[in-house]
Amino acid sequence: MKVIKEKDKIIFEIPYWTDIYDKQDDKPVGKHKTLAGIIEKDSFGEVKMGFADVIDMSYKGKENQYSDIMIHWHGCGEEDFEKLCKKLKLDLTYFDNSLI
C-alpha cells in the first residue's frame, strides 16, 4: 500500500490484484482481488461498512477469508455502498454478528 499527501488530500493507493503463491516453492500461481467490501452488523445492531483485505485460502482448498474492516466507509447507506462495490467489481460480504 502506498500512502501519499497531495495538497489537502491523503491518498491510499492499493493494488487491485494480489499474487497467489504456491506455498511449497513460493512462486506466483495466480492472482486475487486485494480488497472486498464488507457490510457488518455488530452485536448492538449497528451497521458498519468498509473495505477489508482478502486473505487467500486456496492453498488449503478453502474459501478466501477477510480481515477486519481496514478502511471504514461513512456517509452513505448500504444500497449506495453495494453499488460502489459493484462499480469497483469487488466482492461484497455480509456479516451479522448480532446473532452471536
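Be aware that the sequence shown starts at 926, since it is given in the working numbering, and climbs by one per residue. Note that beta-carbon positions come from the ideal geometry of N, C-alpha and C, so glycine has one too.
Which residue or residues does DSSP assign as beta-bridge partners of residue i?
i: F1020; result: E965
i: Q990; result: I980
i: K934; result: E931
What are the boundary residues of the beta strand (DSSP E) that residue i is part of?
i: D944; result: 942-946
i: K958; result: 953-958
Who are the Cβ neighbours of residue i in its own chain at under 8 Å, not counting the five residues just before and after it?
i: M995; result: G975, F976, A977, D978
Once the 5 residues before and after residue i are set aside, which same chain residues still bring their CB inside 7 Å of it?
i: Y941; result: K958, T959
Give the straight-line distance between the Cα atoms of residue i and residue j, rounded to the nearest whole angstrom.
i: G962; j: Q949; result: 30 Å
i: K934; j: K1014; result: 24 Å
i: N989; j: K930; result: 32 Å
Please report the residue range of the alpha helix (DSSP H) in which residue i lies.
i: L1009; result: 1003-1013
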